[in-house]
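Residue numbers (UniProt numbering): 118 to 757. First comes the structure, then the notes that go with it.
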Ligand code: ADP
Ligand code: MG
């Protein structure tokens, strides 16, 4: 398969080959040792001085150099948390926020959620004592709505800035503004990529602090011809590496596009290694993706057992957000799932697209962190050179901006059209967003935030979903509507459809359908029946419902209930008035309505387009005259 090699000639290997003697040490001391071997450690004092001397500092350092885990600790040790002020560190990904907070709390020898905590949408693991707070960028954005000078923070570190999520981009504009009048606030923008000048320019020529990486050379291998089935090619490559290289010489990291692909790859790898049996060394398979249950996430960091090899099946999350030690081989099929938005139709979707050159290089770089590595690109060198964009387009230029505009219309923020964007979104997308918010009565005809809009902005949800909740006040069914909103927020994983039992599962699912009232009411029925069964797990098994998803829905529902008061909505239950419940739903979702045509198909109203009812929907048999729909793609990671 090898067609080309790249050496990394000018990256010098550091002389750090010592003979180690292992002595059992108390945990914190062991961690201290580990902390002191990170590249960032030798710059600790310089770094603290630079932060002291400047209000805004751009920090650039290779993934794994210790930015995320160490800088907040250094600042804490240097007294920045005196008087209970917090150091906030934002992450574009929930898993990264959780996992890094867990790691730092261990390094500091404190319980997670006390001095070190994290805050992600619908999950707040912080306390009065918390001084180091890891959070998603979206959460800090929401905190800004409540505390527009971020007074609880002495330092805000916008980490993984190169990811350029919408929330990070908006935060840039907001913190830049705050830093101008809050002279005591320190602002750190940290990134894993080298083009830091752009950040520096944006932040009024802020100085750039570079942490030289410690990188080993790595080879890049391309395929001779394009791969028809990249997933299969990835699996074959993993097995080839595993059987041809001695176990113990290094682990494998594979970049896949999402949970589905990861689960498929896991299944096939398990099947094929089982067939090879004891002829090959053990292959420990570790998946990692955003929705992986927390208890399983830590597995990727566990040391590989002697004589075995670990293969990590990851989404983009392992590109720069998480560093896994011991990776020697990277397998890169060259794709990722990306949001894409069509301002004409207002449709947002998640599409599998080729990655950018910058992404491909980050991925390859993961192989040379703890020793010389190899990256297998499952595409041709021609494809790399000619087809891939240099950089990924910032999310703000390819997303639905309704939420952004709602936030930017909040008191204390300037007109979105005048907002200081690092890369402005298309004007058409901004207009579309304002138009939708106007239709939802969140903005008035002058484009100002209305009372409805203000109440909507209390909910960390898609505006149509927030509007549905606000409308439930009028229709006196908030109790039911927040259950529906919670069930919708969990995503697509409520119903369980195990292999070999699909018919039973489908029948169980049909039990929740009330003729002609639609899937929202079915979700409500699932939730209320579970509640009647005292939230029993047994009940879930019997009804082919995923317990874990239901527990998540219950958590989310509790939090939404807590937010009702802030939005001045009374908690009222009205379970039998399905019409009232449907009216509240339609108040939020009417922009997504479709009408039955004579030919038995549906046509959307706003931007006429032919659509179908999904066969799993309870409405697929009945074909009502009018339906409202919800786009599935919005259950991705944003808005946090
Ligand atoms: P950076 O932010 O510069 O990419 P990090 O601070 O995330 O670097 O990582 C520094 C070191 O801490 C790495 O060697 C990484 O393996 C380790 N580390 C980070 N998070 C965890 C975790 N959750 N469990 C174990 N080790 C971790
Ligand atoms: Mg980091």
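Beta carbons are placed, not taken as given, at the ideal position from N, Cα and C, and that holds for glycine.
In this structure, residue 217 has its CB closer than 7 Å to one or more heavy atoms of the ligand ADP.
Straight-line spacing of the CA atoms in residue 412 and residue 178 works out to 29 Å. Note on geometry: alpha-carbon atoms of residue 192 and residue 592 lie some 51 Å from one another. As computed with DSSP, residue 294 is found in no beta bridge at all. Taking each of 396, 391, 208 and 530 in turn and checking the Cα distance to residue 363, the smallest one comes out for 396. For residue 194 and residue 638, the gap between their C-alpha atoms comes out near 53 Å. A heavy atom of the ligand MG is found nearer than 7 Å to the CB of residue 185. As the crow flies, the alpha-carbon of residue 497 is around 10 Å from that of residue 503. Remark: the shortest separation between the CB of residue 672 and any heavy atom of the ligand MG does not fall under 7 Å.
Restricting attention to alpha helix (DSSP H) runs no shorter than 4 residues, the segment 477-524 encloses them at 498-503, ordered along the chain. Under the 8 Å Cβ criterion, the segment 241-248 does not count as touching the segment 272-284, having fewer than three qualifying pairs.
In the three-state reduction of the DSSP assignment, residue 585 falls in the helix class, which pools H, G and I. When secondary structure is reduced to three states using DSSP, residue 336 falls in the strand class. Counting C-beta pairs closer than 8 Å gives fewer than three between the segment 597-607 and the segment 532-547, which falls short of the contact rule.
Within the segment 336-393, the runs of beta strand (DSSP E) that reach at least 3 residues and sit entirely inside it are, in chain order, 368-372. Looking at the DSSP output, residue 273 shares a beta bridge with 205 and 304. For residue 155, the CB falls within less than 7 Å of some heavy atom of the ligand ADP. Take residue 401, set aside five residues on each side of it, and the residues of its chain with a beta-carbon closer than 8 Å to its own are 421, 422, 425, 426, 427 and 428, in chain order.
Of the residues 352, 405 and 533, the one whose Cα lies closest to the Cα of residue 390 is 352.
Here residue 373 is buried. Its C-beta has 16 or more other C-beta atoms within 10 Å. Remark: the C-beta of residue 442 is in contact range of the ligand ADP, defined as less than 7 Å to any heavy atom. Cβ-Cβ separation between residue 167 and residue 326: approximately 5 Å, consistent with a contact (criterion under 8 Å).
Rounded to the nearest angstrom, the gap between the Cα atoms of residue 382 and residue 357 is 15 Å.
Residue 247 has no beta-bridge partner at all, per DSSP. Taken from the Cβ of residue 181, at least one heavy atom of the ligand ADP lies inside 7 Å. Residue pairing of residue 459 in beta bridges, as defined by DSSP: 464. Around the beta carbon of residue 279, a 10 Å sphere encloses 16 or more other beta carbons of the protein chains shown; the residue is thus reported as buried.
Within 7 Å of the C-beta of residue 266 there is not a single heavy atom belonging to the ligand MG. In terms of Cα proximity to residue 297, the closest of 691, 172 and 205 is 172.
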